[in-house]
Amino acid sequence: MDKRILVAIVLSIGVLVGFQYVQSLMGGSRESGRQEGRALQKESGKPADVARPADAVARPVGGGASPRGTMVKVETPLYTAVLASEGGGRIVRWDLKRYHARRSNGGIGLVAERDELPLTLRIPAVEGAALPFSVDREELVLKEGSASQVLRFRHSTSAGRIERSLTFHPETYEIDVETTVLGYPSYAVSLGSNTAVIDDLDSGNWNVYVGPAARVGRDVRRESLTKGSGSEQLSGEAEWAAITDKYFVMAAVPAKPRGGVRFEFEGPRQTTLQLAEGAQKPADLKAGDPLTAVVDASGRVVRVERQRGGAVLSGNDGEWIVVGKVAAVSGAQGTLQLDTRPVARVLIPGAAGSAPDKLRVYLGPKERDRLARMNAHVEDLVDFGWFTVLALPMFWVMKWIHGVFGNYGVAIILLTALLKLIFFYPTHLSYKSMKRMQELQPKVLALREKYKNDQTRMNQEMMEIYRKHKVNPMGGCLPMVIQVPFFVALYNIFSLAIELKQAPFAGWIHDLSDPDPYYVLPILMGVSMLASQKLTPTTVDPTQAKVMLLLPVVFTFMFLSFPSGLVLYWTVNNILTIGQQLYINRSPAK
């Protein structure tokens, strides 16, 4: 029977790893839905200028250059933002207050790279020009419970007139954007490029999606940043469009579904940055090392950190972030050569005319509840994979428990107990079957010895023994396999739910979405798994026994890099299993 248990456990691990890997290979086809009618053409070095309507053609107004004009600061309980009057309210800074950068007490900056800034206007008639706008104020301060406030931008020349209002709310990450364009025949609004907090392209998280997305019909269509340079126009009308990463998103919802939404892509490119006076490269750099460079308004690197990118503070006013890998270490003195990460942009065509064109824009965490309040299915961006149908109920229960106790670690423990209660009876049957199989082992071994040269007769006699004693040889395995989808669903919850990011449990566990920094939980998990094995009915086969003893060691090392919330779940589950095994072992056999 131990052999069957071993097979079941190996299959369970295979299902866990395999499903995650298959998601990475098939995620595009599964998530993108029907892709017919879309065009994608590639060029080297820049996005293709094809398959797009006239009202979506143009370079950004102001582009990636350092913004000029009046800088407007917006302060709310949730974020601090800086907008440039040039270009009509492009977002230069957007720093979240409730989420903190690694190795920093500062807020996470979602707009940190000078590629194309969010809310950039693209107007074909003034291609390449930076339109000046006036703005009615230079600062907005919204306190908790206060009323919403509006920024108004205005541009007027003989060529045309543009009026734009941005309404900010104190307790949401949403902006209501109204744009009126007269004189210019067409325009598009850019959501900017992917945010600077992306650190998942090379993290090995197969279930993490990074890049542009849009909901067309009932399908959420996604395209990976790694596909290279090109341009793609979506067929059909989009209910919303977004740039998203693991934890954060910038999404725009038109007043009604809109056609002509386009994704632009630019592959990695090599760039040479000048180091400012006093700036030093990290020691022992080698090609391929991940780096994050902080660049000042003059374009010189003032600070370099050896890291994947990740959540980084966007720096002082006028500074931005460049994330990439070291391209070469033999560059000129005072320079830094980087292969920058891929870039994606999302363009939403606007409606020129006297009537204001309305967009609701969201820049913040991927919290399902907040996204659902936009009433446009934007919460579909929070994708827990193939087992979402299992993950969502467990996620809701966990959030409800957290609302009662105020601690996600406690919520995980109670959710584990609830799942254990649900699976108590099938698990009970599994262990009883294993116990009966253990009692039959002497007879099974005798049959194997007696009919070792007649495999067919041996199998027939063994099945007769199982029938006579009413034992299902697979009875100990199936209940374990049934639980695998629940484990995969929990893995995705603990890996992707931003509600667990920076959520503390107790003691040294300050973030349930990160691995245990001191490996205490993985070791406890391994010890509890070993104790559970000692209580599990076993055979006398010494080889199988040795293999089974290795499994806790394998699992311990495997779980070192898993989110501590998942390791907590598995540890508590092992402890509850030990209690159940003690109960079964003390019960008389029937």
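Counting in the numbering used here, the sequence shown runs from 56 upward without gaps.
Even for Gly, the Cβ is constructed at its ideal location relative to N, Cα and C.
Among the bridge pairs identified by DSSP, Ser189 is matched with Arg209. Gly354 is not a Cβ neighbour of Leu151, given a cutoff of 8 angstroms.
Positions of the alpha helix (DSSP H) runs, each at least 4 residues long and wholly inside the region 515 to 591, are given as 533 to 537, 539 to 551, 575 to 590 in order along the chain. For the 8 angstroms CB-CB criterion, Ala446 and Ala544 form a contact.
Straight through space, the alpha carbons of Ser583 and Asn527 are spaced by roughly 28 angstroms.
Annotation for Gly620: the continuous alpha helix (DSSP H) segment containing it runs 619 to 641. When C-beta atoms of the region 625 to 644 are compared with those of the region 489 to 500, three or more pairs fall below 8 angstroms, so the two segments count as touching. Annotated three-state conformation of Gln493 is helix, per DSSP. Classified as exposed, Phe479 has fewer than 16 neighbouring CB atoms from the shown chains inside 10 Å of its CB. For Thr471, the enclosing alpha helix (DSSP H) stretches over residues 463 to 477. Beta-carbon to beta-carbon, Leu174 and Gly144 are separated by about 6 angstroms, close enough to satisfy the 8 angstroms threshold. For the 8 angstroms CB-CB criterion, Val437 and Arg423 form a contact. For Ala446, the enclosing alpha helix (DSSP H) has its first and last residue at 443 to 460.
Arg313 counts as buried, since no fewer than 16 other beta carbons sit within 10 angstroms of its beta carbon. Excluding its 5 nearest sequence neighbours in each direction, Gly620 has C-beta neighbours in its own chain below 6 angstroms: Ile467, Phe549, Leu555, Leu567, listed in chain order.
The way I'd put it, the region 269 to 286 doesn't touch the region 377 to 384; fewer than three beta-carbon pairs between them come closer than 8 angstroms.
Remark: C-beta atoms of Val304 and Gly405 do not approach each other more closely than 8 angstroms. For the pair Gly322 and Ser284, the CB atoms are nearer than the 8 angstroms cut-off. In this model, Leu576 and Asn547 are separated by some 19 angstroms (Cα to Cα). Ranked by Cα distance from Leu176, the options Val349, Lys311, Leu246, Leu138 are led by Leu246. For the pair Ser248 and Ala399, the CB atoms are nearer than the 8 angstroms cut-off. For Leu551 against Lys301, the beta-carbon gap comes to about 7 angstroms, under 8 angstroms, which counts as contact. Closest option to Gly200, judged by alpha-carbon separation, among Arg216, Phe223, Gly343: Phe223. Cβ contact annotation for Thr632 (same chain, cutoff 7 angstroms, sequence separation greater than five): Ser587, in chain order. When beta bridges are read from the DSSP output, Val437 appears opposite no residue.
For Asp424, the enclosing alpha helix (DSSP H) stretches over residues 423 to 427. In chain order, Leu585, Gln588 place their CB closer than 8 angstroms to the CB of Leu604, counting only its own chain and leaving out the 5 sequence neighbours on each side.
DSSP places Glu229 inside the beta strand (DSSP E), whose first and last residues are 229 to 237. When the alpha-carbon of Glu360 is set against those of Pro540, Thr511, Leu391, the nearest one is in Leu391. One thing to note: Val205 has its Cβ within 8 angstroms of the Cβ of Ser220. According to the DSSP assignment, Lys413 belongs to the beta strand (DSSP E) that extends over 408 to 420. Taking the CA atoms as reference points, Ala293 sits about 28 angstroms from Gly215.
The shortest C-alpha to C-alpha distance from Phe610 to any of Leu470, Leu579, Gln288, Leu495 is the one to Leu579. Cα atoms of Ile553 and Phe617: separation of roughly 16 angstroms, rounded to the nearest angstrom.
Contact between Leu414 and Ala307 holds, since their C-beta atoms are separated by about 5 angstroms, short of 8 angstroms. If the five residues before and after His210 are omitted, its C-beta is found closer than 6 angstroms to the C-beta atoms of Leu186, Phe188, Ile217, all from its own chain and listed in chain order.
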